[in-house]
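One point on numbering: in the UniProt record's numbering, the residue at position 106 of the sequence shown is 106, and numbering is uninterrupted.
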Amino acid sequence: MVLRQIVVDVLKQVRLSHVAGGLAVMGVVQATTLWAMAQSYHWFFAEEEAKQRSFLERYGRPTQAQRMEAYTWMAPTYDSSVETLEKGIADHYRKHVFQDASGDILEVAVGTGRIFNFLRASEVRSFMGVDLNEAMLAEARKKLGDLPFEAKVILGDGHALPFPEKSFDTVIGSMCLCAMEDPGQALAEMLRVCRPHGKVLLVEPGVARFAPTRWAQRHLGLVPNPTHEWEYGYRD
């Protein structure tokens, strides 16, 4: 019986070592595959990456005025242009996050009003939207008449909101801080105008939570992409 138990214990250890060895091999294979993919990606897009570097060396980062010009140019077709891109990702998080908005609501960087449909009408007492771009606001105003709650959008700077302290129950931002010159100042302003026990709800782009995906984003040069400031007006 003792000999039999010894044999069983040895076999268990052998199995465990085989499993551990298999997992280690799988990890090495996956890491090597990711590394090879990254090298292949950079090789394939080497010319494009060189163009990006050359462009940034020549023009640098855009000013706020230049980024606003990009938004002005995109405004008339903005919704149709981003609808497919945002439908499966950004809209998913908007629906999840902004269902908690209630009371008197302020949206900073309201843009064309893409979040109107994600607010629960029964929870909204009033809605105020602020944006620095008049062309985007013009598109948002077209939607106000169809809303089931009182709503208004005005020209204003998120770095210096034109409202007294503690003016709103909920302050929201959708792809907002990524479009600000000073995200910290914009966030401080949101907190200033939010009432005690109120809520600040944000949906922002960023790196992935899943570590392998985050690694791929960084090593494939996908995030951040510094040319996005010039092309779309926002930073990754």
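Ideal placement from N, C-alpha and C gives every residue a C-beta, glycine not left out. What you are looking at is a predicted structure, and each value in this text was computed from that prediction instead of being measured.
The alpha helix (DSSP H) runs of length 4 or more contained entirely in the region 194-222 are, from start to end of the chain, 211-219.
Counting along the chain, Asp104 sits inside the beta strand (DSSP E) bounded by residues 103-108. Taking C-beta atoms as the reference points, Val153 and Leu177 fail to come closer than 8 Å. From the listed residues Gly60, Asp236, Leu191, Pro62, the smallest Cα separation to Phe168 is found for Leu191.
By the neighbour-count definition (other C-beta atoms within 10 Å, threshold 16), Gly129 is a buried residue. Burial state of Asp131 is buried, judged by a 10 Å Cβ sphere holding 16 or more other Cβ atoms. Gly206 and Asp236 have their C-alpha atoms some 6 Å from each other. Following the DSSP letters along the chain, one finds Arg125 inside the beta strand (DSSP E) bounded by residues 124-131.
The secondary-structure analysis by DSSP pairs Leu155 across a beta bridge with Asp131. 8 Å or more divides the Cβ of Phe149 from the Cβ of Phe118.
Residue state for Phe149 is assigned as coil, using DSSP reduced to three classes. Around the Cβ of Arg53, a 10 Å sphere holds fewer than 16 other Cβ atoms; the residue is exposed. The three-state secondary structure of Ser167, taken from DSSP, is coil. For the set Lys51, Ile89, Asn133, the Cα lying nearest the Cα of Val203 is the one of Ile89.
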